[in-house]
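For the sequence shown, the working numbering gives the first residue as 43, with consecutive numbering after it. Glycine is no exception: its CB is placed at the ideal position from the N, C-alpha and C atoms. No experiment lies behind these values; they were computed from the predicted model shown.
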Amino acid sequence: MEIRHATNPTDFKSYTSDRLRNDFLMENLFVPGELNMVYSHYDRVITGGVIPTTSEIRLDAGDKLRTEYFLERREIGIVNIGEKAVVTVEGETFELNKRDCLYVGKGNQNVTFASADPDKPTKLYLVSANAHKEYPTQLMPIKDATPTKLGSDAESNNRTIYKYIHGDGIQSCQLMMGMTLLEPNNMWNTMPAHVHDRRMEVYLYFDMDEESRVFHFMGEPKETRHMLIRNEQAVLSPPWSIHSGVGTNNYTFIWAMAGENYTFTDMDFVDMNDLR
């Protein structure tokens, strides 16, 4: 597990492109046969990717968390971005098709990941936050998630949002998680921009071809920077930062948040005239 320390917006202003990428971009989460994770000091969120091949892979952080097992004081959201997957929680199996989400609550000691067909390995994206209360394990197929249509072709942000883990969906302590799909010929997300200083956010961009890129914008509204992001790469967004992007093509992204506020009512929107 890799450790990422937090920074402050004053220091951020002097960051080079390499420093931005080293501190905020997660480039290699998905490696066949491995579970890879990044521990961030922003709300102690753990972001991970796993590709089980010929054998199942156990959810385990070794001695990094200094707990007896991964979910002793944590909860986790799992979204399948690949072929059919099988996740086993305390002996109960859950089958996840692409874009399905599984929530596993605090206190579950035995969690394993496997591909339904080893010849067609799955790709599972994981986000975990600290938890103080147990909530039941729950699977939400994308077909059961309520779609919300936003944006327009004229604004190049015609998109559908699926909320999985949130106040009116799968219940959790502080983790929220969902997915946004942009329609063809639409490239912008989260613009006009906003911040929410009470919770951090992490984005995973995927369903992009090898030549496509997303220009991800971050930083304080008056001091923005950008990074170029490839398919299946994730980026950390500090609570004080905007988190917006525009692609060379349409794409899909998974958003996850953790922090003080458990609703979508704490966003501080930024006037376009205030962006720099």
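Using the rule of at least 16 other Cβ atoms within 10 Å of the residue's Cβ for burial, across every protein chain shown, is Ser286 buried or exposed?
-> Looking at its Cβ environment, which holds 16 or more other Cβ atoms inside 10 Å, Ser286 is buried.
Opening and closing residue of the alpha helix (DSSP H) in which Arg59 lies = A quick correction: the sequence has Ser, not Arg, at residue 59. Taken as a continuous stretch (DSSP letters only), the alpha helix (DSSP H) holding Ser59 covers Ser59 to Phe66.
Report all residues from its chain with a CB closer than 7 angstroms to the CB of Tyr204; omit the five preceding and five following residues, and keep chain order.
-> Taken in chain order, the residues that qualify are Ile184, Ala187, Pro189, Gly220 and Met221.
Can you list, in chain order, the residues of its chain whose CB lies under 7 angstroms from that of Gly75, leaving out five sequence neighbours each side?
-> Ile93 and Thr95
Val256 and Ala276: beta carbons closer than 7 angstroms?
-> no
Looking only at its own chain, which residues have a Cβ that is under 6 angstroms from the Cβ of Tyr111, when we skip the five neighbours before and after it?
-> Gln151
By DSSP, does Glu117 sit in helix, in strand, or in coil?
-> strand
With which residues is His268 paired in a DSSP beta bridge?
-> Beta-bridge annotation (DSSP): His268 is paired with Phe259.
Could you please give the first and the last residue of the uninterrupted alpha helix (DSSP H) stretch that includes Pro160?
-> Looking at the DSSP string, Pro160 is not in any alpha helix (DSSP H), and its letter there is neither H nor E.
For Glu134, which of Val121, Phe155, Glu114 and Ile123 has the nearest alpha-carbon?
-> If we check each option's Cα against that of Glu134, Phe155 comes out closest.
Compare the Cα-Cα distances from Arg267 to each of Ile118, Ala196, Gly119 and Arg63 and report the closest residue.
-> Arg63
Mind checking which residues open and close the alpha helix (DSSP H) that includes Thr52?
-> That run of the alpha helix (DSSP H) goes Pro51 to Phe54.
Contact check, Leu71 vs Gly90 under 8 angstroms by CB: the rounded distance?
-> 6 angstroms
Would you mind reading off the limits of the beta strand (DSSP E) that contains Val244?
-> Arg241 to Phe248
Buried or exposed: where does Leu192 fall if 16 or more other Cβ atoms within 10 Å of its Cβ makes it buried?
-> exposed
Name the residue from Gly149, Glu125, Val312 and Lys175 whose alpha carbon lies nearest to the alpha carbon of Asp142.
-> Taking only the C-alpha atoms, the option nearest Asp142 is Glu125.
Find out if the Cβ-Cβ distance for the pair Ser194, Arg116 is shorter than 7 angstroms.
-> no
Could you name the residues that DSSP lists as bridge partners for Asn227?
-> Answer is none; Asn227 lacks a bridge partner.
So is Glu274 buried or exposed if we call it buried at 16+ other beta carbons inside 10 Å?
-> buried
Rounded separation between Leu246 and Ile296 - CA only | One C-alpha to the other measures close to 5 angstroms.
DSSP bridge partner residues for Asp308 (one or two, in chain order) = Its beta-bridge partners do not exist; DSSP assigns none.
In DSSP terms, what Trp282 is bridged to = Bridge partners of Trp282 according to DSSP: none are assigned.
Do you know how far the Cα of Arg201 is from the Cα of Thr294?
-> Straight-line Cα distance between these residues: approximately 9 angstroms.
In whole angstroms, what is the alpha-carbon distance linking His236 and Val312?
-> 5 angstroms
Terminal residues of the continuous beta strand (DSSP E) containing Tyr81?
-> Counting along the chain, the beta strand (DSSP E) containing Tyr81 begins and ends at Leu77 to Ser82.
Helix, strand or coil for Phe72 per DSSP?
-> The answer is coil: DSSP assigns Phe72 none of H, G, I, E or B.
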